[in-house]
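Reading through the structure tokens given below for one structure.
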Amino acid sequence: MKKTILFILSITVALGITFYTKNERSKNMVQVKAQWKTFVKKNNSVVDSHKTTQDEFLAAKIPTPPPAEKVQRTIASVNPYQGFMVRNNRIIMGDLNKKYEDENSDLQMANSVNPEWKDIMGNDLMRFQPADTKLMVKEEVPVIKIVNGIGRYLEQVTVTYLQKDGNRSSFKALVDSETGSVVETWDRTIHEHIRPKRGGLILPSTNDSGIITK
Amino acid sequence: MGNSKRGLHLIIQKTLALVVVSGMLASCVPTAGTSVRSRVNANATSGSTTVGVTQGRVLKDNPIILSNKADLDLNYDLNRLLGSAVTITSNSFLQANPNCFGLTYCFEVRDTRESVSALQTTDGKWSFRASSDEFLQVNTFYHMNKMFDQFFANINLSIASAYDAFSIPLYDTAIPFSLRKPDGSFTLNSQMLLAFSNCDVANNAYYDQATESLCFGYTGANKALRWAHDSTIIYHEAGHFMQRLQLNLRNTNQPMKVQMSNNLYNEAGAIGEGLSDFYSYYVNGRTHWGEWAAGHLNGSRPLSESDTIHAPGISADDDGRLSYPQYINYDPNYATEPVEDIHMSGMIISHYLVALTQDLESKCSMTNPEAREFVMNILSESMAELGDLSTTGTQKYGQAGKVNMNTTNSNSYLWFSTINPITYRSFSQTIAKNLLNTVGNPALNRCNGSFYTRDNIESLLDSYGLLLFKTYNQHRNLTGLLNPVTLTINANTPVTTANRKKSVLISKSNLILDPATGASSAYVIDNRVQIAAGITQLQTAGIIGTLSAQTPSDLGFNNNNSKVSPGEVVAIALNLYNNSNSPMGGIEILANDWDHADQANLNRPCVFDSWPLDTEGGSNAANCALIGATPGTPSLAGVPATTGDFAPVCFIQHNDSTATRWISQSEFKTKVAIDSNSCLDKTNDKDCFIRAIRGADKAHYSKINPKSTWGQTMANPTTGKAYSLDWGNVLLFEVSKSIPPGTVVNCRMRVRFTNCEDCFHDGTAANNDFKDVEYNGAKPYKIIHLQIPITD
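Going down the list, the protein sequences come from chains A and B.
Per the numbering used here, the first sequence starts with residue 122, numbered consecutively.
Per the numbering used here, the second sequence starts with residue 12, numbered consecutively.
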């Protein structure tokens, strides 16, 4: 009898969890896969790219992707849409007017989404880097920025540079979804170098720039 | 029907699976020592029999303090300095308690960036030899946890003291009541903070905001000195994380976050470093930072003028304080050599905050810990307001457009980062306002039966040279407007002029180009190697983004002739001169787009400083009269400039058959019949031929001495050796290869400095601060016109 009661109880709890999970997921989770891509500067004119490998995560000392159990524990926190206005599965920035959440409402767009945006950006950010530099780009969340009633498709990414000497640096960026150009950056790394090295810019010994002031 | 059946089967399958998994989990209670992630080994443990479960031993302060030996040898056995047992955590892993910001865990500590998990205990104890990697993690965890507990208790306290029992603000607080959820957690962050106690970085620690992680490095060839052995370093780095939370207390629904600091010199960064030093004092009450880790590199820092490390003449007397801007370039470890470094400049703020703490102890009968908590509360209030991207600023009188422009035009981040960034002036003004609103308000009784007077607030700020403002600016952009509820005019509280004794305000007219005979107004650096190095550094740091596709990756057009040529990327350094008798601090040069063109008339240059004359293409049309100003009705107060009101800094000279005129780049493009594909950006012809590179379109000089240039200010006084320019001292421009040689461009830069008499408040309008929108125009700035010939 005890076993039967225990079994019924377990079934009830399990059913409850199943329905709850299903409902919560449909409410909060919009499918966003953290997609990583690595760009490698081979020489002055060649930049290769491929899906980031585990070895590269290790080399770049990026503590991701987390173990499966961590994903379970922090599942609510990884929903990048939580707390934001959303249109077409994209976070709305800029003019945060509720009307824009209605996907049937008109919104003129200044650009379109080019599926190659990440490659264009990766190549552009690597053009001036020395050979053997690696660039890892994590696609975080798509965005629509609305200014003066006109929307612009953007992509929020995390960029990590891994230099040949092992130095690494990261920042977040908004990237134009059509042109791949970087629109804004933030969350840069803060260092505590003691007496940090300066740029060492040397002024020309004689100034014959021809610049005059008015 | 079929679908329903399949759905039912799926649910039953899921349920059965859950039952099975539940059973497995029930028998899977973690057993110490069985996990594959267990990292404890016999060699690492130390005295585990003498500590209880959940306990460990740590270095309660840094080794210099614990040993009381300033010259403690790097090989000293740190085990001898371990204190009595302390509680570490009852968790199986080094993961902090929940509820800091609603995540399962606030933070966790790992060994290195390669580590896949936090340290796990095998027996519930956390005692390790001081030389072990495990100890580093436990030590880091203990001090971070201590700081987090204190900090989040402070946020709780801030909310409790800002609102009454009905959640109504008691004063114009910037901390939203909704920050704290009913379950006691905070709506603050979406990502767990990771701390790596054993990072493979030499002479450094860092806070990586993009991946939300802290790294603590080492010093010495054999890594004998680990930075995580120094608790003050841990507090300082975690302090950067706290600052980011404080600045974004009102930005929980903003995808972008604001920050104090970046890699190059600016005042926000300097204030951020000073704050982080203060946060060490906030936790441990000691007025020196980094004796062990930084001290071995001659880089430890004092937080009080009473510290013996200071140069002669510095004292806690009003006349001896570390005042702005005199001590901006002061390094107590190398007191005779000027240095431009945010960590050193930040000492003015750390010293002021410690002095404020002590003044509150004295005048409000607070204990030192109470005063430290109160100052932290004031910092949270001030940073929440200054960092607000939603632009409302505060809870009681806040409304859209009060701070950082207006969110509906998406310029708030631009205003925060470039156009009206945090400076020593705005920071001290906001601190003063929040002191006045709280401990300065007798009705709130926050000063134990007394109150902290305006004279108290102003005198202490003035002793640090920080009384740089004329009003407390309580109403910011809404200043001087009719309050529709009370039908009274919102007036800002004025500063008492007599209290400004050390703080010197200088007219912007005194910031000029070097007047010496034969001196250069500006230098051009177009050396290929140097420019390539700069682009690499600025791009990897995230300061600049992508460049024009037209600019070749080998910078092949850069010809090192120190002139501006087609196709080049060039650095331009202005040779500015302080023509006053007092030092200038926080000099900013802006080359970003601004409102100085007549949109209704082909974006022709509006006339400023009599340039250009209308016969030379200048416009005096009504459209130009409205630049950066929104006079009129209250409803217009926060109205931002529209996107179209931004014009690039550079115009181009064009000779036609009848006259020579200055015209916009887009008009010039039409005149010379160049295709859009030949522009720097083929989708935007506004800066088709020359443009300041976004992110490198602003330059800073920390200080310029009286009757000097920056170069003269920074030269070594003993050797006369010049101080090299950094990338933050110059502007970067991209030049199209399509611009015809012989063309002349005029770039209209705007400059200002922090202790400026007429750059931030308007003497013609009750000394109220300029409205944010006005910073998009000419009024708060000195304009520098550079006429640049394009030379092949």
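Built from N, CA and C at the ideal position, the CB exists for glycine as well.
Alpha helix (DSSP H) segment containing residue i, residue limits
| i | result |
| --- | --- |
| Ala790(B) | Inspection of the sequence shows that residue 790(B) is occupied by Lys rather than by Ala. Per DSSP, Lys790(B) belongs to no alpha helix (DSSP H) and is neither H nor E. |
| Tyr153(B) | Asp144 to Ala173 |
| Asp211(B) | Per DSSP, Asp211(B) belongs to no alpha helix (DSSP H) and is neither H nor E. |
| Trp238(A) | Trp238 to Met247 |
Extent of the continuous beta strand (DSSP E) run through residue i
| i | result |
| --- | --- |
| Ile663(B) | Cys661 to Asn666 |
| Gly597(B) | Met595 to Leu601 |
| Asp82(B) | That residue, Asp82(B), is in no beta strand (DSSP E); it is neither H nor E in DSSP. |
| Arg316(A) | Taken as a continuous stretch (DSSP letters only), Arg316(A) belongs to no beta strand (DSSP E), as it is neither H nor E. |
| Ala9(B) | Absent from the structure is residue 9(B), since the part of chain B shown begins at 12 and ends at 803. |
| Lys714(B) | Lys709 to Ile715 |
| Phe289(B) | Element bounds for Phe289(B): not the beta strand (DSSP E) but the alpha helix (DSSP H), Glu278 to Asn295. |
Close-in-space but distant-in-sequence residues of the same chain around residue i (CB under 6 Å, 5 per side omitted)
| i | result |
| --- | --- |
| Asp698(B) | Pro659 and Gln676 |
| Phe140(A) | Here Phe140(A) scores only 48 on pLDDT, less than 50, and its place in the model should not be relied on; the value that follows carries that caveat. For Phe140(A), where only same-chain residues beyond five positions count, there are no Cβ hits under 6 Å. |
| Asn344(B) | Asn309 |
| Gly597(B) | Glu278, Thr434, Phe764 and Thr765 |
| Asp370(B) | Leu471 |
8 Å Cβ cutoff, residue i in contact with chain A
| i | result |
| --- | --- |
| Asp604(B) | no |
| Tyr792(B) | no |
| Lys574(B) | yes |
| Ser281(B) | First, the residue type needs correcting, since residue 281(B) is Ala and not Ser in the sequence shown. Chain A, which has no Cβ nearer than 8 Å to the Cβ of Ala281(B), makes this no. |
| Pro800(B) | yes |
| Gly404(B) | no |
| Asn214(B) | yes |
| Pro266(B) | yes |
| Ala533(B) | yes |
| Ile795(B) | yes |
Those residues which DSSP pairs with residue i across a bridge
| i | result |
| --- | --- |
| Cys458(B) | Ser461(B) |
| Asn262(A) | Per the sequence presented here, residue 262(A) reads as Val, with Asn not at that position. Answer is Gln277(A). |
| Thr159(A) | His171(A) and Met257(A) |
| Trp605(B) | Ala658(B) |
| Lys293(A) | Thr279(A) and Trp307(A) |
| Met760(B) | Ile795(B) |
Proximity test, Cβ basis, 8 Å: residue i and chain D
| i | result |
| --- | --- |
| Leu308(B) | Of the protein chains in the structure, A and B, none is chain D. |
Any C-beta of chain B under 8 Å from that of residue i
| i | result |
| --- | --- |
| Glu305(A) | yes |
| Asn209(A) | no |
| Gly243(A) | no |
| Gly215(A) | yes |
| Glu276(A) | no |
| Lys293(A) | yes |
| Asp227(A) | no |
| Tyr282(A) | yes |
| Thr173(A) | no |
| Ser330(A) | yes |
| Gly321(A) | yes |
| Ser298(A) | no |
| Glu313(A) | yes |
| Ser302(A) | yes |
Own chain residues within Cβ distance below 7 Å of residue i, not counting five before or after
| i | result |
| --- | --- |
| Ser361(B) | Gly285, Asp288, Phe289 and Leu314 |
| Asp773(B) | Asn779 and Phe781 |
| Asp468(B) | Looking at the sequence itself, residue 468(B) is Ile, so the reference to Asp does not match. Cβ within range, chain order: Ala443, Leu446, Leu447 and Gly451. |
| Val40(B) | At Val40(B), the pLDDT of 29 sits below 50, so the modelled position is not reliable and the matter cannot be decided from this model. |
| Ser559(B) | Leu691, Asp692 and Glu745 |
Residues of its chain near residue i, where Cβ-Cβ distance is below 8 Å and the 5 sequence neighbours each way are ignored
| i | result |
| --- | --- |
| Thr310(A) | Ser290, Ser291 and Phe292 |
| Lys107(B) | According to the sequence provided, residue 107(B) is Ala. The question's Lys does not apply to it. So the qualifying residues of the chain are Thr100, Tyr116, Cys117, Phe118, Glu119, Phe152, Met155, Asn156 and Phe159. |
| Lys407(B) | Pro180, Tyr182, Asp183 and Thr184 |
Any contact between the stretch 319-334 of chain A and the stretch 517-537 of chain B? By contact I mean 3 or more CB pairs, one from each, below 8 Å. yes
Would the stretch 221-236 of chain A count as touching the stretch 292-305 of chain A if we require 3 or more Cβ pairs under 8 Å? yes
Contact between the stretch 278-294 of chain B and the stretch 432-450 of chain B (3+ Cβ pairs under 8 Å): yes
Specify whether the stretch 145-161 of chain B and the stretch 244-258 of chain B touch according to this definition: at least 3 beta carbon pairs, one from each stretch, less than 8 Å apart. yes
May I ask you to verify whether the stretch 290-302 of chain B touches the stretch 248-264 of chain B, counting CB pairs closer than 8 Å and requiring at least 3? yes
Three or more C-beta pairs below 8 Å linking the stretch 173-186 of chain B and the stretch 209-228 of chain B: no
Can you find at least 3 beta carbon pairs, one from the stretch 499-511 of chain B and one from the stretch 477-485 of chain B, that sit closer than 8 Å? yes
Using 8 Å as the cut-off, can you tell me whether the stretch 540-557 of chain B makes contact with the stretch 595-614 of chain B, which would need three or more C-beta pairs spanning the two stretches below that distance? no
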